[in-house]
Structure formats: structure tokens, C-alpha cells
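Take 13 as the starting number for the sequence shown in my numbering and just add one per residue.
Heads up, the beta-carbon is just placed ideally off N, CA and C, and yes, glycines get one too.
Just so it is clear, the structure is predicted and the values come from calculations on it, not from any experiment.
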Amino acid sequence: MEKYQRIWEDAIQKMKAQISQQSYEMFFGTPKHVYKVKNNKMYVVVQNQHEQFMLDKFYLKDVAEMIEEVSGFNYDVKFVTDEYVKNDEQAFDLTKPDPNLPKYYRGNLNTTYTFDRFVAGKSNRLAYMIALQVAERPGEVANPLYIFGGVGLGKTHLMQAIGNFILDDNPSSRILYCTSEKFIDDYRHASMDKNFTGFKEKYRNIDVLLIDDIQFLSKKEQTQTEFFNTFNELYNDNKQIVITSDRPASELKDIMDRLTSRFEWGLQADIQVPDSQTRIEIMKKKLLGENINLEEFPEEVLEFVASKFNSNVRTLEGALKRLIFYATINNSDFTLELANEALRELFKAEQKNTKIDVNNIIKEVAAQYGVAEADILSKKRKKNIAFARQVAMFLTRELTGNSFPKIGEAFSGRDHTTIMHGCEKIEKEMKESEELRSALTQLKQSLS
Numbered sequence: 013m014e015k016y017q018r019i020w021e022d023a024i025q026k027m028k029a030q031i032s033q034q035s036y037e038m039f040f041g042t043p044k045h046v047y048k049v050k051n052n053k054m055y056v057v058v059q060n061q062h063e064q065f066m067l068d069k070f071y072l073k074d075v076a077e078m079i080e081e082v083s084g085f086n087y088d089v090k091f092v093t094d095e096y097v098k099n100d101e102q103a104f105d106l107t108k109p110d111p112n113l114p115k116y117y118r119g120n121l122n123t124t125y126t127f128d129r130f131v132a133g134k135s136n137r138l139a140y141m142i143a144l145q146v147a148e149r150p151g152e153v154a155n156p157l158y159i160f161g162g163v164g165l166g167k168t169h170l171m172q173a174i175g176n177f178i179l180d181d182n183p184s185s186r187i188l189y190c191t192s193e194k195f196i197d198d199y200r201h202a203s204m205d206k207n208f209t210g211f212k213e214k215y216r217n218i219d220v221l222l223i224d225d226i227q228f229l230s231k232k233e234q235t236q237t238e239f240f241n242t243f244n245e246l247y248n249d250n251k252q253i254v255i256t257s258d259r260p261a262s263e264l265k266d267i268m269d270r271l272t273s274r275f276e277w278g279l280q281a282d283i284q285v286p287d288s289q290t291r292i293e294i295m296k297k298k299l300l301g302e303n304i305n306l307e308e309f310p311e312e313v314l315e316f317v318a319s320k321f322n323s324n325v326r327t328l329e330g331a332l333k334r335l336i337f338y339a340t341i342n343n344s345d346f347t348l349e350l351a352n353e354a355l356r357e358l359f360k361a362e363q364k365n366t367k368i369d370v371n372n373i374i375k376e377v378a379a380q381y382g383v384a385e386a387d388i389l390s391k392k393r394k395k396n397i398a399f400a401r402q403v404a405m406f407l408t409r410e411l412t413g414n415s416f417p418k419i420g421e422a423f424s425g426r427d428h429t430t431i432m433h434g435c436e437k438i439e440k441e442m443k444e445s446e447e448l449r450s451a452l453t454q455l456k457q458s459l460s
């Protein structure tokens with residue numbers, strides 16, 4: 013903290029020239045020290061709550077401006093007391109469910125999942141900005157916040173960043189992160205034991221509920237009813253709820269309407285696949301976290317890796333870790349040749365994944381049913397063409413997991429209801445036609 017303490021002291025010296033001697037002695041004459049800097053916020057310990065109140069009221073903005081002037085960085089400032097520091101240190105110990113967990117866990121939150129480690133780009137900026145506002149004002153901005161997107165794009169990171177931010181701001185906050193599978197499992201055990209007291213205490217006596225992958229509540233009617241009741245109680249008590257899913261709330265299957273409608277009460281924000289520049293920025297941030305000098309990692313290598321791994325952030329980071337490890341054990345520089353050698357096997361897996369896109373699906377379906385690819389994308393309504401088009405829509409939905417509106421865009425801008433109808437029609441016919449089931453199996457094999 014020595015660096016930040018020096019910044020603080022330099023900023024206060026500049027303040028001294030801006031205000032009267034009397035005001036300076038009244039507000040800044042007593043000792044103050046920087047406790048920590050987290051999520052771009054500088055926590056400064058003051059003498060008591062009265063001093064905290066007065067500084068917040070009269071000098072919060074001025075101090076932040078002086079700090080930016082001397083440091084070149086725009087830090088938010090939070091004045092806290094010794095009581096805050098005590099609670100913060102105790103909270104870290106008390107929320108550890110298992111002393112054997114790695115040190116980077118606080119409760120069931122991974123402390124590496126913070127806003128300052130999340131790279132915001134075109135694909136996720138809206139979700140990032142909304143999440144940050146929710147963290148700053150839980151229960152006020154968007155309740156619930158519903159974040160959706162594909163696998164490995166950062167939904168869990170962003171969700172847990174909210175929890176970590178709130179805990180940094182108020183260490184006594186009761187934050188619960190869980191997956192929907194964990195909620196289902198806890199409910200099942202409570203039902204078997206005929207004891208819901210502990211279950212309700214865990215899920216309702218909290219300030220913030222972060223629940224991951226809500227789509228897995230599908231077809232679990234009793235569990236859905238319990239989650240509905242839990243949701244209502246938390247919402248009515250103005251407790252923040254954050255939900256993630258692989259699709260918009262309106263597209264969740266086999267989940268009761270009264271529940272999905274509540275998911276739409278707040279705000280929905282989607283996360284898309286990051287573009288090339290964002291993928292490069294993600295890798296740069298990861299390298300800095302590994303204490304690797306960016307000058308040692310040529311831009312051409314970053315661009316090469318970014319071009320090869322574009323399906324999701326998780327595979328990109330996994331490839332980068334492998335490359336770092338490979339360079340370390342071989343005592344080698346980061347070069348294109350090394351990247352090719354280290355990542356060769358991963359390239360094959362990634363190429364298999366990227367093969368499943370709309371264009372390839374349309375190509376395979378067109379060949380299977382003897383129609384032109386252009387006809388599938390056209391407005392022609394001949395029975396054989398319409399059927400092939402619906403098969404392509406169904407496979408696109410199943411193999412890519414894209415939303416109905418996104419699939420509609422790929423199929424010449426068709427309305428999402430058209431895509432839904434096509435998918436439902438094929439799903440229904442599959443149950444009755446062995447021939448169709450066989451054709452779909454064959455198509456999936458050729459696309460895998």
C-alpha cells in the first residue's frame with residue numbers, strides 16, 4: 013500500500029493549496045491511511061464516523077480529482093472507519109466454508125472474478141456496465157439482472173464480480189452464489205429429510221442471490237415452485253437477484269411462465285462471442301496477471317492465437333496457459349513457431365467446434381435433401397425446400413445454441429417466431445418419423 017499512501021499524501025498536499033488553513037486542519041489534520049485499493053476504488057481509513065460523514069459530504073469529489081491529478085488514474089474514493097476494516101478482515105475468515113479451499117476463494121466466490129479483471133469490448137460492454145451499476149446499487153438498478161450468452165463467454169465471471177464488489181464495499185453483506193444444479197440438489201435433500209428450515213435459511217436469509225445456469229431448472233416443477241417462492245421473498249425484501257442462462261428468458265424451455273415472466277421484470281443483458289481485438293486484450297490482461305512482460309510476447313503471436321481460438325473466452329485462456337507452460341518448460345521465447353508446436357492439438361479441437369456454424373449446417377442439409385443452399389435462404393415455399401429449411405433451423409438451434417432472433421438473422425432476416433415454429437415442427441415430427449431421426453443423426457455426425 014506504500015504506493016497508494018504516497019498518492020494520497022501528494023493529493024492532500026495539493027488540496028492544502030485549494031482550501032483554507034482552518035478547513036485543512038479540520039478535515040485533513042488527523043492521520044489517515046489507505047487500507048486497500050480494489051475495483052478501482054481507494055479505501056481511506058479515517059478517525060470516526062463523524063469525520064467520515066463530513067468528508068463524504070464536503071470533499072469526496074475534490075479528493076478524487078486531486079488523486080487523479082497526481083496519479084493519472086481515476087480512482088473512486090471511499091472513506092471508512094476502523095470498524096469497517098475489522099469487519100472486512102473478519103468477513104474473509106468467517107465466509108470460508110472449508111479451510112482447505114485455495115486462498116483465492118472467499119465463501120463460494122472466486123476472488124479472481126472481479127470487474128478490473130474482466131475485459132469489456134463490443135460483445136459484452138452493455139452487460140458489463142449494467143453489472144457494475146447493480147454492484148454499486150444492489151436492489152435498485154436492475155432486479156433481477158438476467159445475463160445470457162453462450163458457454164465460456166464470461167457470464168459467471170461477471171456475476172461473481174458483482175458479489176465480490178458488494179463484499180468489498182460492505183463486508184457484512186450476505187452473498188450466496190450457486191448453480192441451479194446445487195439449488196436442485198439442496199431442495200431434493202430438504203424434501204427427503206422433510207426439513208426445509210435449513211434450506212430456507214440458506215436461500216432466503218441473504219442480501220444477494222447469484223444463481224448460475226437457470227436453464228437447468230427445466231422440467232423440475234417442484235423445484236421451480238420453490239425457486240418461485242424464494243425469488244418472491246427476496247424480491248419483496250428488495251434483495252438483489254442475479255441470474256445467468258444460455259438463452260433469453262423468453263426462450264427457456266419447460267420452465268413455468270410465471271417464473272420466466274419474473275426474470276424479465278428487471279433487465280436482460282447478453283454476452284456475445286468477443287471480436288478479435290477484445291480477444292487480444294483478454295490475453296494481454298491474462299499475461300499481466302501471470303507477471304509476463306508484454307514486450308516479451310510479440311503482437312503477431314497474440315494475433316495468431318486470437319485468430320485460431322474464437323469460439324469462447326475459456327478455450328482462448330486455456331490455449332494461452334498451455335503456450336506459457338510450453339515456453340517455460342522448453343526455456344523458449346514466445347514465437348509463432350512455438351505457438352504452432354504447442355497448440356497443434358488444440359487447433360484440431362477448435363476447428364472441429366468452428367465447423368458447426370450456420371453456413372456449414374445449411375450446406376450439409378442442402379446436400380442431404382437435394383436442394384440449393386440459396387433456396388434454403390430464399391422465400392420459396394415449395395414443400396421440399398420449406399422442410400429442408402426447417403431442418404436447418406432445428407440443427408442450428410441444437411448445435412450452436414444460438415437464440416431464435418440470432419438464427420432468424422442468419423436465415424435472411426426471418427422473424428424469431430418463424431424459427432420457433434420451424435424448430436417445434438421438426439421436434440414434433442422426430443417423435444413420429446424414424447426416417448427423420450436417422451437423417452438428423454447422419455447430419456450431426458457429418459457436422460461433428
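Rounded straight-line distance, which links the Cα of residue j to that of residue i
i           : j           : result
residue 345 : residue 131 : 26 Å
residue 327 : residue 338 : 16 Å
residue 451 : residue 323 : 27 Å
residue 37  : residue 334 : 56 Å
residue 298 : residue 329 : 8 Å
residue 107 : residue 122 : With a pLDDT of 40 at residue 107, under the threshold of 50, the modelled position of that residue is not reliable, and the figure given next carries that caveat. Computed Cα separation, rounded: 12 Å.
residue 105 : residue 94  : With a pLDDT of 44 at residue 105, under the threshold of 50, the modelled position of this residue cannot be trusted; read the value that follows with caution. Taking the straight line joining both Cα atoms gives about 17 Å.
residue 307 : residue 447 : 58 Å
residue 53  : residue 74  : 15 Å
residue 189 : residue 392 : 49 Å
residue 171 : residue 67  : 32 Å
residue 208 : residue 216 : 11 Å
residue 214 : residue 195 : 10 Å
residue 382 : residue 270 : 44 Å
residue 40  : residue 268 : 58 Å
residue 238 : residue 244 : 10 Å
residue 31  : residue 72  : 14 Å
residue 99  : residue 64  : 17 Å
residue 378 : residue 303 : 51 Å
Three-state secondary structure (DSSP) of residue i
i           : result
residue 370 : helix
residue 26  : helix
residue 42  : coil
residue 221 : strand
residue 189 : strand
residue 252 : strand
residue 265 : coil
residue 423 : coil
residue 270 : helix
residue 347 : coil
residue 276 : coil
residue 244 : helix
residue 414 : coil
residue 288 : helix
residue 398 : helix
residue 443 : coil
residue 71  : coil
residue 309 : coil
residue 407 : helix
residue 304 : coil
residue 317 : helix
residue 453 : helix
residue 207 : coil
Presumed contact (8 Å Cβ cut-off) between residue i and residue j, rounded CB distance
i           : j           : result
residue 226 : residue 253 : Actually they do not touch by this definition, with Cβ atoms about 10 Å apart.
residue 290 : residue 434 : The Cβ separation is near 32 Å, so there is no contact.
residue 389 : residue 416 : In fact, because the Cβ distance is near 17 Å, the residues do not count as touching under 8 Å.
residue 250 : residue 151 : 4 Å
residue 261 : residue 280 : 6 Å
residue 3   : residue 317 : Outside the displayed range of the chain (13 to 460) lies residue 3, so it cannot be described from this structure.
residue 405 : residue 419 : 6 Å
For residue i, the residue or residues it bridges with in DSSP
i           : result
residue 161 : 283
residue 49  : 54
residue 91  : 56
residue 257 : 160
Cβ-heavy atom distance, residue i to the ligand NAD, below 7 Å
i           : result
residue 324 : In terms of ligand content, the structure shown is empty, and the ligand NAD therefore cannot be addressed.
Exercise. Is the stretch 151-167 in contact with the stretch 184-195, if contact means three or more CB pairs nearer than 8 Å?
Worked result: Proximity of the stretch 151-167 to the stretch 184-195 falls short of the contact definition, fewer than three beta-carbon pairs being nearer than 8 Å.
Exercise. Contact between the stretch 273-289 and the stretch 428-444: three or more CB pairs below 8 Å?
Worked result: The stretch 273-289 and the stretch 428-444 do not touch, with fewer than 3 CB-CB distances between them shorter than 8 Å.
Exercise. Given 8 Å as the limit, is there contact between the stretch 133-144 and the stretch 222-236, that is, 3 or more CB pairs closer than that?
Worked result: Cβ pair count under 8 Å is below three, so no.
Exercise. Does the stretch 207-226 come close enough to the stretch 156-176 to have 3 or more Cβ pairs within less than 8 Å?
Worked result: Yes, the stretch 207-226 touches the stretch 156-176.
Exercise. Using 8 Å as the Cβ pair cut-off and three pairs as the minimum, do the stretch 20-35 and the stretch 75-85 touch?
Worked result: A contact exists between the stretch 20-35 and the stretch 75-85.
Exercise. Quick one: any contact between the stretch 199-208 and the stretch 157-167, if contact means 3 or more CB pairs under 8 Å?
Worked result: With a cut-off of 8 Å, the stretch 157-167 and the stretch 199-208 do not count as touching, because too few Cβ pairs lie within range.
Exercise. Can we say the stretch 34-54 touches the stretch 16-23, given the rule of at least three CB pairs closer than 8 Å?
Worked result: Taking one beta carbon from each stretch, the stretch 34-54 and the stretch 16-23 have 3 or more pairs nearer than 8 Å; the two touch.
Exercise. Quick check: the stretch 370-389 against the stretch 345-358, are there 3 or more CB pairs under 8 Å?
Worked result: Between the stretch 370-389 and the stretch 345-358 there are fewer than three C-beta pairs closer than 8 Å, too few to call the two in contact.
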